[in-house]
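Protein sequence lines, in the order shown, are assigned to chains U, A and H.
The first sequence finishes on residue 488 if you use this note's numbering, and the numbering steps up by one all the way, no holes.
The second sequence finishes on residue 1485 if you use this note's numbering, and the numbering steps up by one all the way, no holes.
The third sequence finishes on residue 2095 if you use this note's numbering, and the numbering steps up by one all the way, no holes.
Cβ coordinates follow ideal geometry from the N, Cα and C atoms, glycine included.
From a predicted model like this one, the values you see are computed outputs, not experimental measurements.
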Amino acid sequence: MTSAYVESSLTALADALAAKAISSVELTKLFLDRIERLNPVLNAFITLDRDRTLSMALAADARRAAGENGPLLGIPLAHKDIYCTQGWLTTCGSKILSNFVSPYDAHVVEQLKQAGMVTLGKCNMDEFAMGSSNESSYYGPVKNPWDIRRIPGGSSGGSAAAVAARLAPVATGTDTGGSIRQPAAMCGLTGIKPTYGVVSRYGMIAFASSLDQGGPMAKSAQDCALLLNAMAGFDGRDSTSLDRQAEDYTRDLAQPLAGLRIGLPREFFAAGMSDDVRAAIDAALAEYRRLGATLVDISLPNSGLAVPAYYVIAPAEASSNLSRFDGVRYGYRAPDYLDLADMYCKTRSQGFGAEVKRRILIGTYVLSHGYYDAYYLQAQKVRRLIADDFREVFKQCDVIAGPTAPNVAFELGAKSEDPVQMYLSDIYTIPASLAGLPCMSLPCGFGAGNMPVGLQLIGNYFDEARMLRTAHGYQQVTDWHLHMPEGL
Amino acid sequence: MQWEIVIGLETHAQLQTQSKIFSGASTAFGAAPNVQACAVDLALPGVLPVLNKAAVACAIRFGLAVNATIAPRSVFARKNYFYPDLPKGYQISQFELPVVKGGELTLLVAAGKPGEQPYEKTVHLTRAHLEEDAGKSLHEDFHGKTGIDLNRAGTPLLEIVTEPDMCSAAEAVAYAKALHALVRWIGICDGNMQEGSFRCDANVSVRRPGAPLGTRREIKNLNSFRFMQQAIDYEVHWQINEIEDGRAIQQATVLFDPATGTTRAMRSKEDAQDYRYFPDPDLLPLEISSAWIAETRASMPELPSEMKARFERDYGLSAYDATTLTASRETAGYFEECVAAAGKSNAKLCANWVMGELAARLNEADLGVAASPVSSSQLAGMVARIADKTISSKIAKDVFEALWNQAGPDADNIIEAKGLRQITDTGAIEKLIDEVLAANPKSVEEYRAGKDKAFNALVGQAMKATKGKANPQQVNELLRKKLAG
Amino acid sequence: MSLTLDQVGRIARLAHIEISPAEAAQTRDRLNDILGLIEQLQAVDTAGIEPMAHAVDACQRLREDSPSETDRRSDFQAIAPETEAGLYLVPRVIE
């Protein structure tokens, strides 16, 4: 028997907690019990700690008893295992951090703790966020709750599976080239990557520093907005964190969509999208027309270069970011070695998985002497071309729409032999990442194998509120986002 | 000369900030290992750098002090390599766009050979940039292992690079000393070479005149001027010998061994280091406004070069004297106080005493000017008495000694107490001379016979009779007069 | 642009990663596949275009110079592989 609470929105949960219809401890136990039952199959969580979780719930109840109330107080959530959480194992899905108990909290974790949220556990992910299928984790692949023979998407696959299977009402994820949006699409969830600089990266283990952004994954745009309110904000410990006036991302949710101009990049609607995805997207766009939006034909001429540019820039930054994993101050150290150089090599070779090693090698190569100009510098120039395309396009439309991924979730193992094939599935999500624009995915139907399809929205810089409203308006007249996998 | 020597210097000056360049950990010297290594310094997963304003302020001050260009926009870059004292596996430095470009330092090079005059030399700077220091490796005491202390990791450094302008070890050392004095003068670095606050690397090569530049070798981590001189001298001789014996110089990094006085190549790596510099994505471009530069300029003390020029102009001092007196702010300050008390007309005399006797005594006692037992006003008092002929220069040495030993509160007091007043009364001296002449008829005869040495003997007798207090010029004059008839 | 096994070896050494002889050929092939993907960038005319290093159009914020961190050595070293007398230990480093 499934409690209704596991389906509830954040607002409904907040109301129930405020009305003392349920306590945070009771609510948390509901989720913990589901996790206990379903996680062995789904492998969504790497680390669980029932006692620690319940003590957080107890503390939240005490705060409530003392008169506090807030939209997130006492509500459980799951953290992608890329966020440093003090006292919890923080692995980043990697063997090299398989013994790393973080001595500090990430800014995002601090913020959500302050809001009174309860940590259910740390979610599985592609190793160091490098992947689109959550098959590269040291802790084994995550299964898509809609069909456990299929991947959930990546790299925030564990977070997506957790929310989709109702093991957590919300989860944090990170998105570098699509790692929130794509698993959200593949698991029937709503997830946002905010404008670069809106969410602090302090404590969010770095993959590609100029692209990484943290964001919420939830069952609806409204829930995402509520979580984003607590995640966003200036942090002096991150030089790329922007010092802007605080925003309430829920403020425009109810605004009608009449007159909204939705741009459809022809490059996103060319060949490459599978027919079932196409059908769901077309149906969604028809719905938007009914809501009063105007569909505008636009072009992002350089977007075809986004995947190659990304696969120069991201590995380059990653190759440098991952140099600190050397077995000296924390983390895994190889048990046997001859000398210092051997210790470094063995530690890193044993500690990193194949995909991570590949990306480190590519990254090292494109930065190396004689190749820097041709690869890295060239990719950064192409990046500017892509960003400039968006600037142009936002003169003609308010929000951009298209598919999040070219296919629904594929079977485990189907693409893991060919990394390039895997990379190409990021074709729609990468351009907005390179530009630093806010973007999100929301469910818009089902495709082959009854697997969820995601619609991607891309907003202009700092225009999250309008983008969220665009999603919310659709979610008021459709119910794709309320579906949940059967039999769980 | 058969061989030309070409030397460029790179200096790493630790900046005197309270906290590290990219983290809020303290930079205080002498703490227990790793207690000043915070999460950012340890490169824990997820940490990020934030730039220290005071480090930038130091860079601006330096740029202004050497007349360089301060870049309105500069970029931090990652220098990637693996070493246990480099926690991130990269050093945050600056590569293509440093904060300071160009600049120059004019200095005095001491005479190499006796009789040679010191000469002025201008050394041009290529650039100066901000970067972070690494930690320390301790190789002893750990049963075959190395211990890493990361307290120093993240300390701000200014790396100052010269053009290959120097042509001798003497020039290199003179530059290093002048740079050392300058960074202390403007208050950006304490210059403590034993503690590693000021470290020099020398790039040395040799060539035949007119030939292209030779292959250079880099002598790393010279932490004393004496070692720098020895190391460069040795390296130059070594390179010349190698070439003359028909061997080519391989580019290498070398270390100086003070025990043997030799340079030795470090263990070479198979592949030359490829640092893969790229702009650090965690740091945004550093912008320095002209307002900030102007504000800094207004708050800077008079620079040694400016003060030197002023000393030459206002006090009529030579370039050598002016440079020596402006070697440190403390010395210059002491000198100016002395002149203020003794009078501008006595500037040269003050300069001589400050650079001469005072400097020698302070050096011997290993004291800084600030700790001098003789205050500037005491010295000024003594100088005034030399100038008004109350005492002779010779007697002044005794007065100085007494002041040094705190025998009296001032020169006048000591002169009175010891009866050191010069005898200047012409009548008294004439009387004295008559007595000496009467007592030394033989010398008088010899002098009149043409032996000049006899004159000195008579002068000697006269000074002896007055226990040195007679004014020597007067004795000379009057004696000649009397002997002349 | 195709990498040879030698080049792969050199890159691996720079990155301090070991590629065993068994893995070498496959690694080279996979890397060359990826290079094939990114080759497309070469053909693009980017004359006069400024590289985009950051998604943020802002300049570096400056921190006030005051020590703000406390001594957490015992916490940090509790998770270290090997320490002694407050120092991190590694195999002997030879200069």
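Test item: CB-CB of residue i and residue j under 7 Å
i	j	result
E1486/A	L1478/A	This structure cannot speak to residue 1486/A, because chain A is shown only from 1001 to 1485.
S349/U	D1274/A	no
F1256/A	F1278/A	no
I1092/A	D1280/A	yes
D1085/A	S1019/A	no
L300/U	P265/U	yes
K1308/A	A1327/A	no
S320/U	R1078/A	yes
V198/U	A232/U	yes
C444/U	A225/U	no
A160/U	L42/U	no
A435/U	A387/U	yes
S102/U	E355/U	no
L1358/A	Q1378/A	no
E1330/A	A1370/A	yes
A218/U	T190/U	yes
S323/U	Y1090/A	yes
G74/U	P2081/H	no
C1038/A	E2069/H	yes
A1031/A	N1192/A	no
L305/U	V420/U	no
S122/U	D81/U	Checking the displayed sequence, the identity of residue 122/U turns out to be Lys instead of Ser. A contact, by the Cβ cut-off of 7 Å.
P315/U	G370/U	no
S220/U	H483/U	no
I1007/A	V1161/A	no
Bridge partners - residue i, DSSP secondary structure assignment
i	result
N144/U	D147/U
A232/U	V199/U
Y2088/H	I1148/A, T2083/H
L1107/A	K1121/A
Q1473/A	Beta-bridge pairing links Q1473/A to no other residue.
E1132/A	P1156/A
Which listed residue (the options) has its alpha carbon closest to that of residue i
i	options	result
L2041/H	A309/U, K193/U, A168/U	A309/U
D297/U	D175/U, F268/U, N124/U	F268/U
R329/U	I2094/H, V2093/H, G2086/H	G2086/H
Q1461/A	L1483/A, A1169/A, E1435/A, R1480/A	E1435/A
G178/U	Y202/U, D223/U, M130/U	M130/U
G351/U	R251/U, S210/U, P76/U, G331/U	G331/U
A1013/A	A1438/A, A1342/A, K1467/A, L1158/A	L1158/A
A1294/A	P1156/A, N1352/A, L1064/A	L1064/A
S133/U	G203/U, M422/U, A448/U, R52/U	M422/U
Residue i CB to nearest heavy atom of the ligand MG below 6 Å
i	result
A1380/A	In the structure shown, the ligand MG is absent, as is every other ligand, since no ligand is present at all.
(request) Taking only beta carbons into account, state which residues of the region 1030-1058 of chain A come closer than 7 Å to chain H, listed in chain order. (result) A1032, P1033, N1034, V1035, C1038, L1042, V1050, L1051, N1052, K1053, A1054, V1056
(message) Three or more C-beta pairs under 8 Å: does that hold for the region 102-120 of chain U against the region 136-149 of chain U?
(response) no
(request) Assess, as a yes-or-no matter, whether the region 146-159 of chain U is touched by the region 182-201 of chain U under the definition of 3 or more beta carbon pairs within less than 8 Å. (result) yes
(message) To be precise: take each residue of the region 208-226 of chain U, compare its Cβ to all Cβ atoms of chain A, and keep it if any distance is under 9 Å. Which residues remain?
(response) A208, S209, S210, L211
(request) Would you check if the region 1293-1313 of chain A and the region 2074-2091 of chain H touch, i.e. whether three or more CB-CB distances between them fall below 8 Å? (result) no
(message) Please identify, using Cβ separations under 9 Å, the residues of the region 1176-1189 of chain A that lie next to chain H, in order along the chain.
(response) none
(message) Using a Cβ-Cβ cutoff of 8 Å, what residues of the region 2035-2063 of chain H are near chain A? List them in chain order.
(response) A2053, H2054, V2056, A2058, C2059, Q2060, R2061, L2062, R2063
(request) Identify each residue in the region 1077-1107 of chain A for which the Cβ-Cβ distance to at least one residue of chain U is less than 8 Å, and report them in chain order. (result) R1078, N1080, F1082, P1084, P1087, K1088, G1089, Y1090
(request) Mind the definition here: the region 1054-1073 of chain A touches the region 1096-1106 of chain A only if three or more C-beta pairs lie below 8 Å; say whether that holds. (result) yes
(message) Please list, in chain order, the residues of the region 1111-1136 of chain A that have any C-beta partner in chain H closer than 8 Å.
(response) none
(message) If the cut-off is 8 Å on Cβ atoms, which residues from the region 364-389 of chain U count as contacting chain H, listed in chain order?
(response) T364, Y365, V366, S368, A374, Y375, L377, Q378, A379, Q380, K381, V382, R383, R384, L385, A387
(message) Pairs of beta-carbons, one from the region 428-442 of chain U and one from the region 464-471 of chain U, closer than 8 Å: are there three or more?
(response) yes
(request) Kindly confirm or deny that the region 370-379 of chain U and the region 2031-2049 of chain H touch, where touching means at least three C-beta pairs closer than 8 Å. (result) yes
(message) Under 8 Å, CB to CB, which of the residues in the region 224-255 of chain U have a partner in chain A?
(response) G236, R237, D238, S239, T240
(message) Tell me which residues of the region 1273-1288 of chain A have at least one Cβ-Cβ distance to chain H shorter than 7 Å, keeping chain order.
(response) D1274, P1279, P1281, L1283, L1284, P1285, L1286, E1287
(request) Mind checking the region 89-106 of chain U against chain A and listing, in chain order, the residues whose C-beta falls within less than 9 Å of any C-beta there? (result) T90, C92, L97, F100, S102, P103, Y104, A106
(request) Report yes or no: do three or more beta-carbon pairs, one from the region 233-245 of chain U and one from the region 79-91 of chain U, lie closer than 8 Å? (result) no
(request) State whether the region 385-401 of chain U contacts the region 249-266 of chain U, with contact taken as three or more CB pairs (one from each stretch) at a distance under 8 Å. (result) yes
(message) Any contact between the region 46-61 of chain U and the region 18-33 of chain U? By contact I mean 3 or more CB pairs, one from each, below 8 Å.
(response) yes
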